[in-house]
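Here's the structure we're looking at; comments come further down.
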Amino acid sequence: MKYLLINAVSWFGDILILLLFARAILSWFVQGPYNNAYKIYMVVCNLTEPIVAPCRRLAMRLNTGMLDLSVFFAFFLVSIARSVIIKLLIIFL
Numbered sequence: 829m830k831y832l833l834i835n836a837v838s839w840f841g842d843i844l845i846l847l848l849f850a851r852a853i854l855s856w857f858v859q860g861p862y863n864n865a866y867k868i869y870m871v872v873c874n875l876t877e878p879i880v881a882p883c884r885r886l887a888m889r890l891n892t893g894m895l896d897l898s899v900f901f902a903f904f905l906v907s908i909a910r911s912v913i914i915k916l917l918i919i920f921l
C-alpha cells in the first residue's frame, strides 16, 4: 500500500511537470484560436491554471517585467512539493 501511494504521488507530479512543460512550449507556437494547436493549448492551460495562477501573482509581486516566469515558478514548486510529499510518505507510512 505504501509503495502504491508513493508511486501515485510520483506519477501525478510527473504528469503535472509534463503539462507545465507542454504549456511553456505550446505558448511559443500558438498564435491564435484558428491554429490547430490552440485547442490542445487551451486544454493544457485549463489543467495547469490552478497551479500557475498563484505563481503569476507571485511573479507580479517580484516585478519580473515583461517576462512571465509563472510557469517556471510552478514547475519549481511542483517539483519541490512532489519530493517533500514522497519523503513524508516514506517517513510516516
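Sequential numbering from 829 applies to the sequence shown in this note's numbering.
Glycine included, every Cβ here is placed at the ideal spot set by N, Cα and C.
Keep in mind the model is a prediction, meaning the values are calculated, not measured.
Quick check on the burial criterion: 16 or more other C-beta atoms within 10 angstroms. Buried or exposed for residue 885?
The residue is exposed, with fewer than 16 neighbouring Cβ atoms inside 10 Å.
If residue 872 and residue 851 are in contact, beta carbons under 8 Å, what's the gap, nearest whole angstrom?
Between residue 851 and residue 872 the Cβ distance is about 5 Å, and since that is below 8 Å, they are a contact.
In chain order, which alpha helix (DSSP H) runs of at least 4 residues are fully inside the stretch 830-888?
Here the runs fully enclosed are 830-857.
Taking only three categories from DSSP, how would you classify residue 897?
Three-state result, residue 897: coil.
Taking the alpha-carbon of residue 899 as reference, which of 918, 838, 844 and 836 has the nearest alpha-carbon?
Checked all of 918, 838, 844 and 836; the closest Cα to residue 899 is 844.
One question on the structure: do residue 837 and residue 908 come within less than 7 Å of each other, judged by their Cβ atoms?
Their beta carbons are not under 7 Å apart, which means residue 837 does not touch residue 908 by this criterion.
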